[in-house]
Amino acid sequence: YDGTLATKKFKQNLERLGLNENDIEKTDMNVEVFVEKLCKNPESFKTVREIVLNTGKDMTKSANICVLCHKKEIYTVEKNIEFTNFEESAVKNELETKYDQLKVENCSLQATNESLQGENARQKVEIATLGSQITSLNTQHVALQLANSQLAAEKDMLVKQLEAKKQAYEILQHDQVTLQCLHEQLSSEYDSLNSEKEILKNSIRDLKSDNRDLKEHAMVLDKQLEDYKIELASMKDGITNLANLRAEHSKLKDDFRSLFT
Numbered sequence: 002y003d004g005t006l007a008t009k010k011f012k013q014n015l016e017r018l019g020l021n022e023n024d025i026e027k028t029d030m031n032v033e034v035f036v037e038k039l040c041k042n043p044e045s046f047k048t049v050r051e052i053v054l055n056t057g058k059d060m061t062k063s064a065n066i067c068v069l070c071h072k073k074e075i076y077t078v079e080k081n082i083e084f085t086n087f088e089e090s091a092v093k094n095e096l097e098t099k100y101d102q103l104k105v106e107n108c109s110l111q112a113t114n115e116s117l118q119g120e121n122a123r124q125k126v127e128i129a130t131l132g133s134q135i136t137s138l139n140t141q142h143v144a145l146q147l148a149n150s151q152l153a154a155e156k157d158m159l160v161k162q163l164e165a166k167k168q169a170y171e172i173l174q175h176d177q178v179t180l181q182c183l184h185e186q187l188s189s190e191y192d193s194l195n196s197e198k199e200i201l202k203n204s205i206r207d208l209k210s211d212n213r214d215l216k217e218h219a220m221v222l223d224k225q226l227e228d229y230k231i232e233l234a235s236m237k238d239g240i241t242n243l244a245n246l247r248a249e250h251s252k253l254k255d256d257f258r259s260l261f262t
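Okay, here's the thing in structure tokens:
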């Protein structure tokens, strides 16, 4: 017996009858011993007395028994505890029936106790399993909390990085618009300069042609200048010769005059 509710109830019933478990286990508990123990217990004796009186009342043919006879009978039972053979037989039969009922109840309680012990063992195993599962879940819960904390920190960091990226993107977008405008301006200037370049190329080509013509004309002029220089030198020689001739002519004139004077 391990103190379950059913076992306690069985023990309480035995104690009310003035019995205990050791008495049932140590002896076969014949009717005489059982009756003797019941009669020695004041509470159980009252129960036995009521059973005997009720049995005697049923077996009595006369329905009108005086109160004095009852009191005398009660006094006699309490003092001497001597029953007639018929009364003893009725008490024995009643007690044997009660004893058989108690044995059946005891067997039922033992079976119930064994079932409850098995159920208790199963529940202990389930409790141990649940405890292990709870420990595992607590460990997982702590791990998840740490993971959530780490993820929250990473989330905050990613949010900050995202904000920085957004700001950088806005700056780059603004720079892109500025560069696009600058590109369009430079493209326009390039087209303008390209047009001017074509004009300049045509002008240069014309100037080169003019320069070539001028060079050719300069060469012609240089040749003419050389010719003029040669002619000038020749003219200078002629002038010199002419002056000499004039001087000689004047001298000859003087000589000729002196001849005729």
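Residues 2 to 262 in our numbering are what the sequence shown lists, from first letter to last.
Every residue gets a Cβ at the ideal spot worked out from N, C-alpha and C, and that includes glycine.
If we count the other Cβ atoms within 10 Å of its Cβ and call it buried at 16 or more, is Ala219 buried or exposed?
For the purposes of this step, residue 219 is taken as residue 218 along the sequence shown, with counting starting at 1. Per the 10 Å Cβ criterion, exposed.
Do you know how far the Cα of Ser116 is from the Cα of Asn107?
In the sequence shown, residue 107 corresponds to position 106, counting from 1. In the sequence shown, residue 116 corresponds to position 115, counting from 1. Rounded to the nearest whole angstrom, the CA to CA distance from Asn107 to Ser116 is 14 Å.
Classify Tyr170 as buried or exposed, calling it buried when 16 or more other Cβ atoms lie within 10 Å of its own Cβ.
Start at 1 with the first residue of the sequence shown, and residue 170 comes out as number 169. Residue burial is scored here from C-beta neighbours: Tyr170 has fewer than 16 other C-beta atoms within 10 angstroms and is therefore classed as exposed.
Taking its Cβ as the centre, do 16 or more other Cβ atoms sit within 10 Å of Ala64, making it buried, or is it exposed?
Position 63 of the sequence shown, counted from the first residue, corresponds to residue 64. In this predicted model, Ala64 has a pLDDT of only 39, less than 50, meaning its place in the structure is not dependable; the value taken from the coordinates is given anyway. That one is exposed.
Whole-angstrom distance between Ala248 and Leu215, CA atom to CA atom
Taking the sequence shown and counting its residues from 1, the one referred to as residue 215 is at position 214. Taking the sequence shown and counting its residues from 1, the one referred to as residue 248 is at position 247. So the two alpha carbons sit approximately 47 Å from each other.
How long is the line joining the alpha carbons of Leu208 and Gly239, rounded to whole angstroms?
Mapped onto the sequence shown, residue 208 falls at position 207. Mapped onto the sequence shown, residue 239 falls at position 238. So the two alpha carbons sit approximately 44 Å from each other.
Roughly how many angstroms separate the alpha carbons of Asp176 and Gln186, rounded to a whole number?
Within the sequence shown, residue 176 is the residue found at index 175, counting from 1. Within the sequence shown, residue 186 is the residue found at index 185, counting from 1. C-alpha separation (whole angstroms): 15 Å.
At what residue ranges does the stretch 181 to 213 contain a whole run of the alpha helix (DSSP H), taking only runs of 4 or more?
Considered as a whole, the stretch 181 to 213 harbours no complete run of any alpha helix (DSSP H) with no fewer than 4 residues.
When you compare only the Cα positions, how much space is there between Lys161 and Gln151?
Working through the sequence shown from its first residue, we reach residue 161 at position 160. Working through the sequence shown from its first residue, we reach residue 151 at position 150. For Lys161 and Gln151, the distance between alpha carbons rounds to 15 Å.
Count the other C-beta atoms from every protein chain shown that fall within 10 angstroms of the C-beta of Ala129, then say buried if there are 16 or more, exposed otherwise.
By 1-based counting over the sequence shown, the position of residue 129 is 128. The Cβ neighbour count for Ala129, taken over all protein chains shown within 10 Å, is under 16; the residue is labelled exposed.
Rounded to a whole number of angstroms, what is the C-alpha to C-alpha distance between Leu173 and Leu147?
Reading the sequence shown from its first residue, position 172 is the one you call residue 173. Reading the sequence shown from its first residue, position 146 is the one you call residue 147. One C-alpha to the other measures close to 38 Å.
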